[in-house]
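**Q** For reference, the structure I am asking about is given below.
Below is the structure:
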C-alpha cells in the first residue's frame, strides 16, 4: 500500500468508530482535518481529527464526555495506525 491508501484506510476507520460513538462527521474539504460533533451539542464539544498527525483533539473547555471520547478515539486508533503503517510498501529506487 502507498501512503495515500494508508491514510485513507485510517480515516475510514476513525470515521466508522466515531459514528458508532454517535458523532456526525463533517469535512469542509479545505484543510486536513475532520470535525466530529454529536447532534444538538455545542461546537465547543466537537472533536477535530487531523489527517496528517492522525490525532484527535478537543478544546480545554469541552465537556467531560467530549474529552473522554477524544481520549477513547486516540487510544482505539493507536493500534490501528501501527497496523496500517506496517503495510507500507516503498517504491523501488530507480537509479
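In my numbering, the protein residues as written are 6 to 100. Just so you know, even glycine gets a beta-carbon here, dropped at the ideal spot from N, CA and C. Note that the structure is a prediction, hence the values are computed from the model and not measured.
1. So, is residue 91 buried or exposed, given that buried needs 16 or more other C-beta atoms within 10 angstroms?
2. Relative to the alpha-carbon of residue 74, which residue among 54, 86 and 87 has its alpha-carbon at the smallest distance?
3. Go through the region 9 to 97 residue by residue and report every complete run of the beta strand (DSSP E) that reaches 3 residues or more, in order.
4. I think residue 37 touches residue 57, with their Cβ atoms under 8 angstroms apart; what is that distance to the nearest whole Å?
5. By a C-beta neighbour count over all protein chains shown, 10 Å radius and 16 as the cutoff for buried, is residue 120 buried or exposed?
6. Spatial neighbours of residue 29 within its chain, please: CB distance less than 8 angstroms, with the 5 preceding and 5 following residues excluded, ordered by chain position.
**A** A quick look at the data gives this:
1. exposed
2. 54
3. 28 to 31, 38 to 43, 52 to 55 and 60 to 63
4. 5 angstroms
5. Nothing about residue 120 can be read from this structure; the chain reaches only from 6 to 100.
6. 41, 42, 43 and 44
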